[in-house]
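*Asks:*
Chains as they are written, first to last, in the working numbering: chain A, 1 to 646; chain B, 1 to 646.
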């Protein structure tokens, strides 16, 4: 009995691995399991070794210079022959006792060089010297720079541009450098197609997804300076995946299996890992990136990276990069900043309340702006599947497991992942309009920048009221009298003077599928069982809808889908384009962009509203210039549905 | 008369340019003269654009996802059919009312997905659901990530790995990015040979120099991420150089002419610059790098870079790089740190007195060590021609024009150009021996580091006495009794307890040319008119020489060359190897390294001496391990002339 128990305990022990460990535990497990292997060395032409680390001491093969050379332009002389020479008492040498040399020329006679500035020639070809020289003055001795046999650089030194050029001078053609770990990325999944198939647009069926994680991995490995190969995409065939991993472990130092996030698939991969190797950990307490797991297969680290792009990114940053640097014996300090390519860590305050999940570290994609001296950050809230939010973010925060509710104003420290020109960046909050997005590039051409947060007309005015925006935009109809904006602005400004600028009128209307298959032309038609896509509360378009419904004697209950909320015109129109909804209310530009039909309802004034001290902002002129520019007007007109004041 | 004067003044005015301007004036002149040209755009595959800057807004060509997809593994159902479901009151659905989906699979029927964790299947194929769903729950809408027509990124955005992968998902194959300035480097000089000829060792004549500046420029441009082409080496032929510059100015954005430092050559180049363009400045008040000059030739900047490697480097860092970033509209903040690849600026104190020239900014190559909490830096004093000092330095200081005398202890701020493991770096000062240099790589293998400053036996003991070294080495004979080290150590320690370790005996002897052509075998032979190369005062070898001369009844005046001073054994031996001297006193290892003959004179004990608190240093064990290692002993023995204690 006891022996059986003992045996069982042993089995449990040997098959046990960490589940749901913390990120630092996971990385610790990897670093303890895999130490730099017997150091591999690569020998390559010195110039190719730039940026690498020397694997052995390098010894000069030559004296540099290899001959006695002049260090200046002048005349070679015997130092003794110049004794006592001064400007007042020059020494005069006969021809034959001096010889002209350029800098770098070999010295054949004499033991020193007098600079041309300290001489003059007499009419009869003699040399007047105004300075007394010491032996060897202005002479570069053989080996002055380096000597044959001298150690030039030591095992562990970085190969810098200066070393590349020194090795050349010293006659050293090749350098032995430490080999870097080689990684293979194996994309798997029946639904995954490669970039080539993806770009043949007609061939893309519903359910197929492009292998974007390979592209991300190749790009980021390139930035890190590590080698990566990408395996052809494998179908969800455990046998083939198993063989590919085994083969890869024999030929690479690190193997990444991109296994999709599907639970079924993860189970496959976990089985393979346990079967052909030793599982080290499975699932990490972070969000996203939770499903990552790692094993030791034939002595090599094999890591399963999740399929959602943001999850893949955080695993590459926080698990794979530290492993690579450890395997390469590179300094590990602030590896996260390096892996993200972050040059700066900033401390800002949450502009909105944020709830972080309990017991799980959270990766946040943040945008940032400086308003009235306060550094404000807001998360781009989106799932791990949303790659756009990663590309759009200014920086990334990693909130501790302990962080839960972050009230508005809570400090948040995070790494900037791109250069942000904070003093010259304006923050716009307000009604969504594609014309505003077109301003960004025009602002940049004028040395400024613009961050946009679409929060609806009322959201924008409220943000302005709280000092959380430089300017806002509104198109809010007052149902009392049909007037636009004034009553709302007065309410939110509560006494402050906010400058207003009516930039254009835009056509609002009902957006329906091309050809209007459900024959929707009035608001009454929305009650005929069709699905409507609404906008969020506070959006001017929703205010307009409510007014129109009321005018037609209808109530929200009459409209199927009234509770559905899109945040932007384009998002709402897209619901129609993809068949999820039959109609929405929105601007003509959104209908045009997606090739949808548009039934005009109203011409709305779209007004910008500026904070009280706006004109003191260094980017104020750039914004005015962008709005006044012909380029903006032309771009806006091209979208359709806009009318100018004049 | 007046008109003539006016005319003269005008001529002077139009041909005037800045001479001997400050570095910031020179850069200012360039930046005012050359603004980013009409922006050139390059279109390339998105993945190739990594690290570049977008030249226009990029719009998505697809919805991502392009179909309604499940966000989880589970069953598609109608949300309404799950109303009221809880773990206690599950809802049971008949087959046909639910369907299995993996994450990412298209949703064909139903409007929501229940996660597999919230279900169980009954024996008869029905589905038990324990959670009530809302419409659209666990469903990724079409365009959830990005929508067709949406702006993905804006003119001026960096192309990051996330953007590369987003563009792929969004069906965008190519990106238009800002073109970077293209540079041509034109090496000139009759004495310059290319790397290929250089490596054919037999072909190198006295007076020829390898074109190392091209190698340096190519390497550093590579690190900066700018393109550079290298022109074939041109002879000192003003006509050909003129044509090459004119041609380059028509095809490149920046032209660099490496014109050698010779005054004659500079005059050529200055003539060409004035002849075919407008000279902007000539000579900058800095050392080295003074001879740099720049002109506007056909609207393009043409810069003449000096020929000495350190001068070339400082001009590339401080003049060319700011120009390139300005032409590319890149942020210019701390451009010097970027151009040098410096991640960190440190503030240390001069360990030795340093005199900086008046009215000239000075570039210093520095080494650094942390001793007893003090960050000490010492310049590698060497001319602009000495490339080794640049490769060997830990960092670079740029001292202002105003800086003159820097007493020992004066603070100096400088940029670290390589990673230095300061807490684990030991500073050795003392007697030069190649065996000590072999310790560096062995220290590094043990996670530590070692900086060496050869200052002679007495210099080392004195440094230890001043708290400026972690350990020293001495081989000092007391002429009073022929004993070694003890009397000297007692004097410098003045009561402190310094641990000593006798590591080996080494053969000192007279080093002469191979075959001993001058037949030198005794110290008496040194009085026969041969040239002797001596060592610096305080070197143990010089103390030994003085003792030997005295024993032989000779005086310093009897020895020709007694006043000549080499700092290391190798340097002294090299004087013999290159024929500058006939004999020197030194260790057998130096003679062996250069293939010279060696007449043994003495077996000297070489002792390490450790500061009082040495054993508390984190690198103390690494040093002990390195000294005790078989690897070190084997390497030392291979040099020849060493004997161990046992």
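Just so you know, even glycine gets a beta-carbon here, dropped at the ideal spot from N, CA and C.
Going along the stretch 153-164 of chain A in order, which residues come within less than 7 Å of chain B, judged by CB to CB distance?
*Replies:* Result list: 153, 154, 155, 156, 158, 160, 161, 162, 163 and 164.
*Asks:* Could you tell me which residues DSSP puts in a beta bridge with residue 562/A?
*Replies:* Its beta-bridge partners do not exist; DSSP assigns none.
*Asks:* What residue ranges within the stretch 272-332 of chain B form continuous beta strand (DSSP E) runs of no fewer than 3 residues, ordered along the chain?
*Replies:* Counting whole runs of 3 or more residues, the stretch 272-332 of chain B contains the beta strand (DSSP E) stretches 278-284, 293-297 and 300-305.
*Asks:* Got a sec: which bits of the stretch 427-438 of chain A sit with their beta carbon under 8 Å from any beta carbon on chain B, in order along the chain?
*Replies:* So the list reads 434, 437 and 438, given in the order they occur along the chain.
*Asks:* Nearest-angstrom Cα distance between residue 82/A and residue 88/A?
*Replies:* For residue 82/A and residue 88/A, the distance between alpha carbons rounds to 13 Å.
*Asks:* Whose CA, out of 373/A, 327/A, 328/A and 470/A, lies closest to the CA of residue 347/A?
*Replies:* Answer by Cα proximity: 373/A.
*Asks:* State the beta-bridge partners of residue 362/B as determined by DSSP.
*Replies:* According to DSSP, residue 362/B bridges with 287/B and 399/B.
*Asks:* Measuring CB to CB, does residue 461/B end up less than 8 Å from residue 609/B?
*Replies:* Cβ distance < 8 Å, so residue 461/B and residue 609/B count as in contact.
*Asks:* In the DSSP assignment, the alpha helix (DSSP H) including residue 549/B goes from what residue to what residue?
*Replies:* 540-551 is the span of the alpha helix (DSSP H), which, as asked, contains residue 549/B.
*Asks:* In this structure, how does DSSP classify residue 251/B when only helix, strand and coil are distinguished?
*Replies:* Looking at residue 251/B - three-state DSSP - the assignment turns out to be helix.
*Asks:* Would you check if the stretch 118-131 of chain B and the stretch 402-410 of chain A touch, i.e. whether three or more CB-CB distances between them fall below 8 Å?
*Replies:* Judged by Cβ distances under 8 Å, the stretch 402-410 of chain A makes no contact with the stretch 118-131 of chain B, as fewer than three pairs qualify.
*Asks:* Say whether chain B places a C-beta atom closer than 8 Å to the C-beta of residue 216/A.
*Replies:* So yes, residue 216/A belongs to the interface.
*Asks:* Identify which residue in 59/B, 487/B and 115/B has its Cα closest to the Cα of residue 74/B.
*Replies:* Checking every option, the nearest Cα to that of residue 74/B belongs to 115/B.
*Asks:* Measuring CA to CA, which of 532/A, 377/A and 401/A is closest to residue 469/A?
*Replies:* When only C-alpha atoms are compared, the closest one is 377/A.
*Asks:* Using a C-beta to C-beta distance shorter than 7 Å, which residues of chain B count as neighbours of residue 423/A?
*Replies:* Ordered by position in chain B, no residue passes the 7 Å Cβ test against residue 423/A, which lies about 12 Å from the chain.
*Asks:* Would the beta-carbon of residue 475/B fall within 8 Å of that of residue 563/B?
*Replies:* No.
*Asks:* So that I know if they touch, is there some Cβ in chain A lying closer than 8 Å to that of residue 588/B?
*Replies:* Output row for residue 588/B: interface = no.
*Asks:* For the stretch 125-149 of chain B, which residues have a CB atom closer than 9 Å to at least one CB atom of chain A, in sequence order?
*Replies:* So the close ones are 135, 136, 140, 141, 142, 143, 144, 145, 146, 147, 148 and 149.
*Asks:* Could you check what DSSP says for residue 100/A in three-state terms: helix, strand or coil?
*Replies:* If DSSP states are grouped into helix, strand and coil, residue 100/A belongs with the strands.
*Asks:* Between the stretch 231-252 of chain A and chain B, which residues of the former have CB atoms less than 7 Å from a CB of the latter, in chain order?
*Replies:* Those would be none; no residue qualifies.
*Asks:* Report yes or no: do three or more beta-carbon pairs, one from the stretch 244-254 of chain B and one from the stretch 345-364 of chain B, lie closer than 8 Å?
*Replies:* Short answer: they don't touch.
*Asks:* Let me know the secondary structure DSSP gives residue 586/A once reduced to three states.
*Replies:* Three-state DSSP puts residue 586/A in a strand.
*Asks:* Give me the Cβ distance between residue 569/B and residue 590/B, rounded to the nearest whole Å; I'm assuming they're in contact under 8 Å.
*Replies:* That pair is a contact at about 4 Å.
*Asks:* Which whole runs of the alpha helix (DSSP H) in the stretch 6-67 of chain B are 4 residues long or more, in chain order?
*Replies:* If we require 4 residues or more, the alpha helix (DSSP H) runs fully inside the stretch 6-67 of chain B come out as 23-33.
*Asks:* Name the DSSP beta bridge partners of residue 119/B, please?
*Replies:* Per DSSP, 129/B.
*Asks:* Measure the Cβ-Cβ separation of residue 113/B and residue 68/B and say whether it is below 8 Å.
*Replies:* No. Outside cutoff.
*Asks:* Under three-state DSSP, which class holds residue 76/A?
*Replies:* Strand, per DSSP.
*Asks:* With a threshold of 8 Å on Cβ separation, who are the neighbours of residue 355/A within its own chain once the five nearest residues in sequence on each side are excluded?
*Replies:* The residues are 404, 405 and 406.
*Asks:* Just list the residues that DSSP pairs residue 91/B with in beta bridges.
*Replies:* Looking at the DSSP assignment, residue 91/B forms a beta bridge with 129/B.
*Asks:* Checking the sheet assignment: what are the DSSP bridge partners for residue 508/A?
*Replies:* Partner(s): 587/A and 602/A.
*Asks:* For residue 383/A and residue 363/A, what's the separation of their Cα atoms in angstroms?
*Replies:* Their Cα atoms are separated by approximately 11 Å.
*Asks:* I'd like the ranges of any beta strand (DSSP E) spanning at least 3 consecutive residues and lying wholly in the stretch 126-174 of chain B.
*Replies:* 127-129 and 151-153, all fully within the stretch 126-174 of chain B.
*Asks:* Provide the residue(s) that pair with residue 443/A in DSSP beta bridges, ordered along the chain.
*Replies:* Looking at the DSSP assignment, residue 443/A forms no beta bridge with any residue, so it has no partner.
*Asks:* Give the C-beta separation of residue 259/B and residue 312/B to the nearest angstrom, bearing in mind that I take them to be a contact with Cβ-Cβ under 8 Å.
*Replies:* Not quite, the Cβ-Cβ distance comes to about 10 Å (not below 8 Å), so this is no contact.
*Asks:* Since I believe residue 456/A is in contact with residue 492/A (beta carbons under 8 Å), could you give me their beta-carbon distance rounded to a whole number of angstroms?
*Replies:* 13 Å between Cβ atoms; not a contact.
*Asks:* I'd like to know if the stretch 319-334 of chain B and the stretch 29-46 of chain B are in contact, where contact means that at least 3 CB-CB pairs between them fall below 8 Å.
*Replies:* At 8 Å Cβ cutoff, the stretches touch.
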